[in-house]
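Engineer: Note that the sequence shown ends on residue 136 in our numbering; no numbers are left out.
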Amino acid sequence: MREEQIKYRLFAKQLRANMTEAEKALWYHLRAKRFLGIRFYRQKIIGRYIVDFVSLEAKVVIELDGSQHLDNVEYDESRTYYLETQGFQVIRFWNQEILTNMRNALDIIALHISNSPLPPSAPSPVNGGRE
Numbered sequence: 006m007r008e009e010q011i012k013y014r015l016f017a018k019q020l021r022a023n024m025t026e027a028e029k030a031l032w033y034h035l036r037a038k039r040f041l042g043i044r045f046y047r048q049k050i051i052g053r054y055i056v057d058f059v060s061l062e063a064k065v066v067i068e069l070d071g072s073q074h075l076d077n078v079e080y081d082e083s084r085t086y087y088l089e090t091q092g093f094q095v096i097r098f099w100n101q102e103i104l105t106n107m108r109n110a111l112d113i114i115a116l117h118i119s120n121s122p123l124p125p126s127a128p129s130p131v132n133g134g135r136e
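#1: Run the CB neighbour count on Val56, radius 10 Å, all protein chains shown included, and call it buried at 16 or more, exposed below.
#2: Return the first residue and the last residue of the beta strand (DSSP E) that Leu104 is part of.
#3: Thinking C-beta only, is Leu88 closer than 9 Å to Ala27?
#4: Are there three or more Cβ pairs, one per stretch, closer than 8 Å when the region 46-53 is compared with the region 19-35?
#5: Answer with buried or exposed for Ser83, where buried requires no fewer than 16 other C-beta atoms within 10 angstroms of its C-beta.
#6: Rounded to a whole number of angstroms, what is the C-alpha to C-alpha distance between Thr25 and Arg36?
Right, dumping it as structure tokens:
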């Protein structure tokens, strides 16, 4: 494994261990397929970026922004552009939005997922799997 990949993996692990209050609150709803039966990952590496939350099956990335993002607009735009070129929809929330109006945030996420082409489920076996 390349040194850069190891660095990203360690940093992602550190981010998972030190989640913000907003990340913890949203993760409670997303983890263990609690939200719409869809699997989400937290602090997942995609390319050279670590995203806050992602559903690989729905191709949706959720980013929570704190005050530090006011100074990183250009970086966030290039990151969003990269993720969109990889087929992901990117949804951004301010931390305060998550902490004060979780229901609205979950509704917005659900709307994006409903507009996202989910992969087709496996066909049912012929005769219920019996021959």
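Virtual Cβ for every residue (Gly too), placed ideally from N, Cα, C.
Structural biologist: The relevant details are as follows:
#1: buried
#2: No beta strand (DSSP E) contains Leu104, which is instead part of the alpha helix (DSSP H) from 100-105.
#3: no
#4: yes
#5: exposed
#6: 16 Å
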